[in-house]
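Reading through the structure tokens given below for one structure.
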Amino acid sequence: MTIQMGKNLESSGNNICAARIHKYGSPLELDDIQKPTISSPEEVIVRVGATGLCHSDLHLINGDWQKSLPVSLPKTPGHEVAGWVEEIGASVPKNSIKEGDLVAVFGGWGCGHCIYCKRGDEQICQSAKWPGLSEYDGGFSEYLLVPSYKFLVRVDGRAISLKPEELAPLTDAGLTPYRAIKKVRHLLGPNKNVAIIGIGGLGFYGVQYAQILGSGANVLAMDRSDDKLELAKGVGADFTLNIATSEDIRNKIDIITKGQGIDVVLDTVGLESTLETSVNILNRNGAIVVVGLFGREIKAPLFQTVIKEFQICGSLWGNYNELSEVIELAKKRKIKHQIKKFSLSKVNEAIDLLRTGNISGRAVITP
Ligand code: FEH
Ligand code: ZN
Ligand code: ZN
0 MTIQMGKNLE SSGNNICAAR IHKYGSPLEL DDIQKPTISS PEEVIVRVGA TGLCHSDLHL
60 INGDWQKSLP VSLPKTPGHE VAGWVEEIGA SVPKNSIKEG DLVAVFGGWG CGHCIYCKRG
120 DEQICQSAKW PGLSEYDGGF SEYLLVPSYK FLVRVDGRAI SLKPEELAPL TDAGLTPYRA
180 IKKVRHLLGP NKNVAIIGIG GLGFYGVQYA QILGSGANVL AMDRSDDKLE LAKGVGADFT
240 LNIATSEDIR NKIDIITKGQ GIDVVLDTVG LESTLETSVN ILNRNGAIVV VGLFGREIKA
300 PLFQTVIKEF QICGSLWGNY NELSEVIELA KKRKIKHQIK KFSLSKVNEA IDLLRTGNIS
360 GRAVITP
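With numbering that gives the first Met the number 0 applied, the sequence shown covers 0 to 366.
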């Protein structure tokens, strides 16, 4: 049964409310569906406290990823989830989690056996399942079924003052740039420069990690919106550059960096044009880490890439340990949050605002 938008969403008995894709390119529908139940002993049901809205959700909802990431409809999106443990399977160790615990959900649900899982990178497991992006439903719902307690990070002690709406974005928007910057932090230090392209959900955290992990490198935020650049300044950007209104970006970068150029670019956009900009401003031995997925392909000029020994790499999400590290930083209040809350009944409003570039920081959906 589909509930009309705006009606009272409170569900009764064993039924819950979830916002689901029925048709690609159409608004999500608020459905009254069965509450998930435990059917295998490691499973956990999480009462959703908040779920972040990621651009990947938009790609999925638009139908952009029908070939690369086929899912069956109806599907509940949402892969940035935090909430409270509602129910645990029979084999969940009592000292790991218990009912009522506040948890952040690690979203890279790997097989546990392949070399990527064995080395702790379950998010790039060849048969990884991601909530809301696979056969598993995601967090735009009142409850989420998690296949194993091993995918939960318990948030305890002084961190209990962290709210689910702060934790949820840390599982993806606040995790992806952490892994990306960690990959290239050896290239950073005093007198080095790191540019963050795109100050959306990811770039907002990216600026902070560039400061935290950059060992004194200068942090340059680049975006097309002055408002987002202001936000970047507020979380530690040393310099900002509006790439929509600047004519000769290379020249502007030379002025800002006093001729030193950029050693690391974190591209949270992933368009052909942002890669072109990155290559144009990058120093010899520099690295571009691409985490954004807006474009279709990335092409780099061969001669410059070889002669200047560029490194261009992709980075997906983060692993469980990296999520734990991010949460430790958040516990110590080292991470600033910029959140706009929407109730589940307003999920399509949030989606439209994100689509038109009108969300600062992260939109989170709360049931
Ligand atoms: C993209 C593609 C597949 C899985 C996850 C994602 C990102 O949203 C993770 O940030
Ligand atoms: Zn995502
Ligand atoms: Zn695996």
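C-beta: ideal position from N, C-alpha, C; glycine also.
For clarity, every value in this text was computed on a predicted model and none was experimentally measured.
Contacting residues, own chain, Cβ-Cβ under 7 Å from residue i (five flanking each side not counted)
i             : result
glycine 5     : Only weak support exists for where glycine 5 lies, its pLDDT of 37 falling under 50; the value from the coordinates is given anyway. Hits under 7 Å: Ser344.
lysine 99     : As written in the sequence, residue 99 is glycine, which differs from the lysine given in the question. Answer for glycine 99: Trp83, Val84, listed in chain order.
alanine 89    : Pro40
valine 145    : Glu42, Val43, Val45, Val104, Leu151
isoleucine 37 : Ile44, Glu86, Gly88
Neighbourhood of residue i by C-beta, 8 Å cutoff - its chain only, sequence neighbours within 5 removed
i             : result
lysine 307    : Leu281, Asn282, Arg283, Asn284, Gly285
valine 325    : Leu169, Gly173, Leu174, Tyr177, Gly317, Ile334
arginine 249  : Asn279, Ile280
lysine 251    : Leu240, Ser245
leucine 186   : Asp262, Val263, Asn284, Gly285, Ala286
cysteine 53   : His78, Glu79, Asp171, Ala172, Gly200
glycine 313   : Val288, Val289, Val290
asparagine 14 : Asp31, Ile32, Gln33, Lys34
beta-carbon residue i near ligand 2 non-hydrogen atom, thresh 7 Å
i             : result
serine 140    : no
histidine 78  : yes
aspartate 171 : yes
serine 55     : yes
Closer than 7 Å: residue i CB and nearest ligand 3 heavy atom
i             : result
glutamate 121 : yes
cysteine 312  : no
glycine 107   : no
glycine 317   : no
tyrosine 135  : no
serine 126    : yes
Option nearest residue i by Cα separation, candidates the options
i              : options                        : result
lysine 182     : Glu321, Leu201, Arg46, Gly24   : Glu321
serine 272     : Ile254, Asp253, Phe293, Gly260 : Phe293
serine 214     : Ser160, Asn241, Pro189, Asp56  : Pro189
glutamate 134  : His185, Lys74, Ala17           : Lys74
leucine 166    : Tyr204, Met221, Gly197         : Tyr204
glycine 200    : Asp30, Ser55, Ser90            : Ser55
histidine 58   : Gly313, Glu327, Arg295         : Arg295
glycine 111    : Leu101, Gly360, Lys128         : Lys128
serine 95      : Gln65, Glu229, Leu301, Asp155  : Asp155
lysine 66      : Tyr23, Val102, Leu101          : Tyr23
isoleucine 242 : Gly258, Gln210, Asp225         : Asp225
leucine 72     : Phe309, Cys113, Ile20          : Ile20
threonine 256  : Ala194, Arg184, Thr355, Arg153 : Ala194
Closer than 7 Å: residue i CB and nearest ligand 1 heavy atom
i             : result
tryptophan 83 : no
threonine 50  : no
threonine 36  : no
leucine 143   : no
threonine 175 : yes
leucine 186   : no
leucine 292   : yes
leucine 322   : no
Short CB-CB distance (under 8 Å) between residue i and chain B
i          : result
glycine 82 : In summary, chain B is missing from the structure at hand, where a single protein chain is found.
Cut-off 6 Å between Cβ atoms - residues of its own chain near residue i, not counting five sequence neighbours on either side
i              : result
proline 366    : Val47, Glu141, Leu343
lysine 191     : Ala216, Asp262
proline 26     : Asn347
aspartate 136  : Thr75
glutamine 3    : Confidence in glutamine 3 is poor, its pLDDT being 41 and thus under 50, which makes the residue's placement unreliable; the coordinate value appears in the next sentence. If we look at glutamine 3 and ignore the five residues flanking it on each side, it has no Cβ neighbours.
glycine 138    : Val47, Thr50, Gly77, Val80
valine 363     : Ala49, Gly51, Glu164, Ala167, Ile338, Lys340
isoleucine 297 : Leu274
threonine 1    : Interpretation of threonine 1 is limited by its pLDDT of 44, a score under 50 that renders its predicted location unreliable; no figure is taken from the coordinates.
glycine 109    : Cys116, Glu121, Cys124, Ala127
asparagine 7   : Model confidence at asparagine 7 stands at a pLDDT of 40, short of 50, so the residue's coordinates are unreliable and nothing is read from them.
First through last residue of the alpha helix (DSSP H) which encompasses residue i
i             : result
glutamate 28  : Not the alpha helix (DSSP H): glutamate 28 falls in the beta strand (DSSP E), residues 28-33.
glutamate 165 : 163-169
lysine 339    : That residue, lysine 339, is in no alpha helix (DSSP H); its beta strand (DSSP E) goes 338-342.
arginine 354  : 346-354
aspartate 56  : 54-61
glutamine 210 : 200-212
valine 325    : 319-330
heavy atom of ligand 4 below 7 Å from residue i C-beta
i           : result
leucine 166 : Among the ligands modelled here, namely ligand 1, ligand 2 and ligand 3, ligand 4 does not occur.
Range covered by the beta strand (DSSP E) that runs through residue i
i              : result
aspartate 225  : No beta strand (DSSP E) holds aspartate 225; the alpha helix (DSSP H) holding it covers 225-233.
isoleucine 364 : 361-365
alanine 18     : 14-19
3 or more residues per run - each beta strand (DSSP E) lying fully within the segment 250-301:
Here the runs fully enclosed are 261-266, 281-289.
Ordered list of alpha helix (DSSP H) runs contained in the segment 107-189, each at least 4 residues
Fully enclosed alpha helix (DSSP H) runs of 4 or longer: 114-117, 163-169, 175-183.
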